[in-house]
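**Student:** Have a look at this one before I ask anything.
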Amino acid sequence: MAGVLLHVSQVGKRFGGFVALEGIDLEVREGERLGLIGPNGSGKSTLVNCICGTLTNDRGHVQFQGEKLDGLPAYQRTRKGLARSFQLPRPFFSLSVADNLRIPLLYTVGARGSAHGDMDGRCAELLHMVGLHDKYDAMPVDLTQVDMRKLELARAMAAEPKLLIADEAMAGLSHSEIEDILKLLVRLNEQGVTIIMIEHIMSAVMSFSQRLAVLVSGKKIADGDPQEVVRNPEVVRAYLGQ
Amino acid sequence: MDEEAESLENKGWGPQPAERGTCAGNAGEGMIFSYDLLINAIIAGVLLGGFYVAVTIGISIAFGILDIVNIAHVSFIILGAYIAYFLNVNYGLDPILVSILMLPVFYLLGTAVYQIYYLSFERRGQEALRGLAFFFGLMFVTEVGLILVFGVDYRYVQAAYVGPSLRIGVADFPFRMLIPCVLALVMFGILQLFLSKTYTGRAIMAVSQDALALKLMAVDPIRIKRIAFGISVATAAIAGALLIIIHPVEPAVGREYIGRIFAIAVLGGLGSLPGTVIGAMLLGIMESFTATFYGPSWAPAVSFGFLLLALAFRPQGILGR
Amino acid sequence: MRWPTFLAIALAVALAVAAVARFYGNEYYFIAAYVVLQYVVLATAWNILGGYAGYVNFGSAAFFAAGAYTTIAFHSVVSLPIPVLIVLGGIVSGVIGFIAGYLTLRLRGVFFAIATLALAVVLQTLIINWDHVGGSRGAYLLRAHEFPYIGSYMQYLFLMMLLLAVVAVSVARLIERSWLGFGLAAIRDDEAAAEASGVPTLRLKLIATTVSGAFMGMAGAPFPYMLGYVDPASAFNLAYAVNAIAMPMIGGTTTWVGPVIGAILLGTIQQVATVTISSAVNLLIVGLVLIGFVILAPNGIVGLFQQWFGKRRAR
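Quick look at the structure:
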């Protein structure tokens, strides 16, 4: 039985008077494919931010590979093997598309001591995987929203994570593009990368996830087998039945 | 500059030593502690704190609510002070009257500056570096412009209330500090009511939290921000007149106030107007104590030292979000 | 171009400049050239933090003055050669930069900018109250009249500043093209995304702040010897604060070339203007040009060049 890779226990986060997350418990096992769904504003991205260290949770703990992450800055968490793509793409606008990937290659992979000999080649390889190989020298400002999302995903992949959190990586993509990204994520998973997929595209989530968790108004209301979860009346009422 | 400051102090300006006894001395001499000194230091501090509210409230709006780092705000205050001086010296107008007349002018100035700021920086997401440099340039140009027009001598206004004080027992309330303090708190009260009770005021408070929600309510967030920034600069007109009532000005005075303003805004908690009052009072009292017991030349360091400490250890301030 | 090659070329250029100066120079020319070179160092130093990392420093005068006053503090106690004083000034300013950075760089860039404003006033207040360095009255320094082989003392100072400028520019270029510069650019573009990609943002910002502060202090260290007199008003002069920002922003902030262009261009114009117009008008024009460039040509002169020749910044 695969061990627990990520353990989120009783994580809470408030912004002034607004409670974004309350008492979140979540476990992700090694090699698992977890789907995370919920309405907009339910706290999914806040949870990701707390896990990855971009935000500090007020309550609760985050453990990765048995190690407590509390207090660790985000860059160290990334170096330990936690990577994420941002829901709204945030490329480095003054760097070329390829150079955007060089940052995690230098600062995450390189910092671990396993730097690639041929960084240019690795950049090209990553871009090819997401379907951006012809944009190697382009500047992010010239990319479409869709391409920027792909770049976002590629940048997370460049960090060679053990756990990859893909935050709405498929928003706005065409059907065939969604298929491509799905295949990519499955392939990554087969290579040993644990993946948390945050999505609104239910068909993708259902076909990808081995387990499904649902977040509504900062609380987790369901967690288990995807087929059962989508039939859960509370989930239907809060999110699916619209 | 020091000699001139000293001679002006003898005319009744500058941080006043308490009524009885002499100033407790510069560092190195013995400290003469008396209750008269203490009480009057506190009073001076509170009055000063009240005035600081006027000076800071514009930044609380601009920076605390709108997230615009308008470091040129001090320059607008100094500009207001010089306009009050000019009209006072040449036409005998009371400085407070001048400041009220100047309110619409400064408001328009504020909206114009915001429009440029928005079109050039906010819209392009470049406010971090370029926006700051823009305001820095404005501050600089205003200061140098004032030097060119008015020179570096200290300027002061003549008004009936500048000399005398109100005496209650051992407590001394100089009118030139009492009136600005009262007016500043009145201005604060009006603004607080405006922001919490009126539609526009609440839209301004809301725009800092959720511009999207405003758009959905068919309210143009840009217009709201423009109004808010206009108000923020308008407060500088009043603050400037109050400043020159309290003590003489010369163009470089603004630089001392930058640190004070941001120290108060940060200490009190950005975006909280009541917090501004608390922060201003605290700073006023601290500076008054320092000036009374250690000498006035250390006073600027107090505010800036506090700012640095506040930034380092509690950047969200006392009442901050 | 590898950095040793660049350094060699820069030194060669510097030597050529020095030789020409020697041939033509009169005392005034050396003073003017010294001031321009001083601005090259200041602008380059500012840009390491401001242009590369996106963190604006409004208190350049503080770091500059720290270097100048380190010289004065030592002057009455022990006589030290200028190169040593430059290093000492650099160390003191570097430490100040480090401390200021440590206290404020964990916050948003805006708070750092405000803190630098505060720093200048705090430092000035401390200096005014410190009698050992002359307080508000200022301090006088006697300097030698002649240097063997080199000529007048001013020529010697000019050479020192020329060397310092070469070093500063070389270091800036080295940083810009290294992994460090890359990380700083990521921080400038999107700090949270950089951090999420593994960039140790606080550490890199601290390095940039320390290096930037150190070079500003080095630029200030020989300053007391130039005039023979220093007081807080001259050391904390308004001109340093605005020029340290205006020169890189007008020249162009993304590369080492920008501050150099800005410093030489603006510095020379100001030297000429101060003689013909008043120094206040001169500063006014600098301020106006800064505002103009920031609004209309945000990438500076370098940016304008790149647009005209259709080049894009890609590696």
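Chains as they are written, first to last, in our numbering: chain Y, 483 to 724; chain D, 788 to 1108; chain W, 4 to 318.
Note that CB positions come from ideal geometry on N, CA and C, so glycine has one too.
Every value quoted in this text rests on a predicted model; they were computed, and no experiment measured them.
1) Suppose you measure from the CA of Val773/D to the CA of Asp649/Y; what does that come to, to the nearest Å?
2) Consider the Cβ of Tyr721/Y: report whether some Cβ of chain W lies at a distance smaller than 8 Å.
3) Would Leu1098/D and Thr107/W qualify as a contact pair, given that the criterion is a beta-carbon distance under 8 Å?
4) Compute the distance between the beta-carbons of Pro262/W and Asn50/W, then report whether it is under 8 Å.
5) So what's Leu516/Y in DSSP terms, helix, strand or just coil?
6) State yes or no: is the beta carbon of Gly112/W nearer than 8 Å to at least one beta carbon in chain Y?
7) Does Asp629/Y pass the burial test, meaning 16 or more other C-beta atoms within 10 Å, or should it be called exposed?
8) At least one CB of chain D closer than 8 Å to the CB of Thr128/W: is that the case?
9) Between the beta-carbon of Tyr869/D and the beta-carbon of Leu965/D, is there less than 8 Å?
10) Judging by CA-CA distance, which residue of Ser1059/D, Leu972/D, Pro1035/D is the nearest neighbour of Asp940/D?
11) Tell me the DSSP secondary structure of Ser491/Y in three-state form.
12) State buried or exposed for Leu230/W, treating a residue as buried only when at least 16 other CB atoms are found within 10 Å of its CB.
13) Could you tell me the alpha carbon to alpha carbon distance between Arg719/Y and Pro521/Y, rounded to whole angstroms?
14) Quick test of the definition: if touching needs 3 or more C-beta pairs under 8 Å, does the stretch 37-47 of chain W touch the stretch 160-175 of chain W?
15) So which residues on chain Y does Ser200/W lean against when the C-beta distance must stay under 7 Å?
16) Which two residues bound the contiguous beta strand (DSSP E) that contains His543/Y?
17) I want to verify the contact list: residues of chain W whose CB lies under 8 Å from the CB of Phe574/Y, in sequence order.
18) Can the beta-carbon of Asn60/W be found less than 8 Å from the beta-carbon of Ser215/W?
19) How big is the Cα-Cα spacing for Gly918/D and Leu529/Y?
20) So, does the CB of Pro203/W fall closer than 8 Å to a CB anywhere in chain Y?
21) Chain W beta carbons: is any one of them nearer than 8 Å to that of Arg942/D?
22) Going by beta carbon distance, what residues of the same chain come within less than 6 Å of Ala17/W, once the five residues before and after it are set aside?
23) If you count every other CB in all the chains shown that lies within 10 Å of the CB of Gln709/Y, and 16 or more means buried, which is it?
24) Can you check whether the C-beta of Trp182/W is within less than 8 Å of a C-beta belonging to chain Y?
25) Would a C-beta distance cut-off of 8 Å place Gln569/Y and His489/Y closer than the cut-off?
26) Helix, strand or coil: which one does DSSP assign to Met679/Y?
27) Could you give the residue range of the beta strand (DSSP E) that holds Gly104/W?
28) Check whether the Cβ of Glu816/D lies closer than 8 Å to any Cβ atom in chain W.
29) Using a Cβ distance threshold of 8 Å, determine whether the stretch 647-661 of chain Y contacts the stretch 574-590 of chain Y, with at least three qualifying pairs required.
30) Within a Cβ cutoff of 7 Å, which residues of the same chain sit near Phe962/D, ignoring the five residues on either side of it in sequence?
31) Quick one: Cα of Ala1021/D to Cα of Lys1012/D, how far?
32) Evaluate Ala86/W with the Cβ neighbour count: other Cβ atoms within 10 Å of its Cβ, from every protein chain shown; 16 or more gives buried, anything less gives exposed.
33) Start and end of the alpha helix (DSSP H) containing Ile660/Y?
34) I believe Gly867/D touches Ala971/D by the beta-carbon criterion, under 8 Å. Please report the beta-carbon distance rounded to the nearest angstrom.
35) I'd like to know if Phe161/W contacts chain Y, where contact means its C-beta is closer than 8 Å to some C-beta of that chain.
**Tutor:** Taking the coordinates as given:
1) The first residue shown for chain D is 788 and the last is 1108, placing residue 773/D beyond what the model contains.
2) By this cut-off, Tyr721/Y is not an interface position.
3) With contacts defined by Cβ atoms closer than 8 Å, Leu1098/D and Thr107/W form a contacting pair.
4) In contact: Pro262/W and Asn50/W (Cβ atoms closer than 8 Å).
5) Looking at Leu516/Y - three-state DSSP - the assignment turns out to be strand.
6) So no, Gly112/W is outside the interface.
7) Asp629/Y is buried by the Cβ-count criterion.
8) True, the Cβ-Cβ gap to chain D drops below 8 Å.
9) Taking a C-beta distance under 8 Å as the contact criterion, Tyr869/D and Leu965/D do not qualify as a contact pair.
10) Ranking the options by Cα distance to Asp940/D, first place goes to Pro1035/D.
11) DSSP places Ser491/Y in the strand class (E or B) of the three-state scheme.
12) By the neighbour-count rule (16 or more Cβ atoms within 10 Å), Leu230/W is not buried but exposed.
13) Distance between the alpha carbons of Arg719/Y and Pro521/Y: 11 Å.
14) Touching, per the Cβ criterion.
15) Residues of chain Y passing the Cβ test: Thr560, Ile585, Pro586, Tyr589, Thr590, Arg637, Ala641.
16) Where His543/Y is concerned, the enclosing beta strand (DSSP E) stretches over 541-546.
17) Within chain W, the residues whose beta carbon sits less than 8 Å from that of Phe574/Y are Ala188, Ala189, Asp192, Asp193, Ala196, Ala197, listed in sequence order.
18) The Cβ-Cβ distance between Asn60/W and Ser215/W falls below 8 Å.
19) So the two alpha carbons sit approximately 32 Å from each other.
20) Chain Y contact via Cβ: present.
21) No, Arg942/D lies away from the interface with chain W (no Cβ there is under 8 Å from its Cβ).
22) Leu165, Val169.
23) Exposed, since its Cβ has fewer than 16 Cβ neighbours within 10 Å.
24) Yes, contact with chain Y.
25) Cβ atoms of Gln569/Y and His489/Y: not closer than 8 Å.
26) Here Met679/Y carries a strand assignment [DSSP, helix/strand/coil].
27) Careful: Gly104/W lies outside any beta strand (DSSP E), inside the alpha helix (DSSP H) at 85-107.
28) Note that Glu816/D scores 44 on pLDDT, short of 50, meaning its location in the model is unreliable; the coordinates nonetheless yield the value given after this. No, no contact with chain W.
29) Cβ pair count under 8 Å is below three, so no.
30) A distance below 7 Å between beta-carbons, with the five flanking residues on each side excluded, links Phe962/D to the following residues of its chain, in chain order: Tyr948, Pro951, Ser952, Leu953.
31) Rounded to the nearest whole angstrom, the C-alpha separation of Ala1021/D and Lys1012/D is 14 Å.
32) Here residue 86/W is Pro; the residue named in the question, Ala, does not match the sequence. Residue environment for Pro86/W: exposed (fewer than 16 other C-beta atoms within 10 angstroms of its C-beta).
33) Counted as a single uninterrupted DSSP element, the alpha helix (DSSP H) harbouring Ile660/Y occupies residues 657-672.
34) Incorrect: roughly 13 Å between the Cβ atoms, too far for contact.
35) Chain Y, which has no Cβ nearer than 8 Å to the Cβ of Phe161/W, makes this no.
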